[in-house]
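Here the structure comes first, spelled out in structure tokens, and everything after it is commentary.
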Amino acid sequence: MDIDAVVQAFETSADVKNEFIRTHAERVVEVGQLLIRAFREGRKVLLFGNGGSATDASHLAAEFVGRYRRDRDPLPALA
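Position one of the sequence shown corresponds to residue 19 (this note's numbering), numbered consecutively onward.
Here you go:
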């Protein structure tokens, strides 16, 4: 793989992400608000996936339970 291919791969990835957020920003905010409400109400968030998505679910649950950017109580989440 040469430098042009690497640059192209990054540019394509950025384009996909930019299109996604242009199309789905409102929904991303809605889901974030649902998560906040669930945690404030003392509910547990369940995450799941199949194959690689199961790994993503596990990672996200670990981010909620652990302390990402600041010291805080763990948030109840299970993958």
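All C-beta atoms in this analysis are idealised placements derived from N, C-alpha and C, irrespective of residue type, glycine included.
Residue pairing of A23 in beta bridges, as defined by DSSP: absent, with no partner found.
When only Cα atoms are considered, G84 and H42 end up about 27 Å apart. DSSP lists V63 as the beta-bridge partner residues of A95. Between V63 and P92, the CB-CB gap reaches or exceeds 9 Å. The three-state reading of DSSP puts D89 in coil, since its state is none of H, G, I, E or B.
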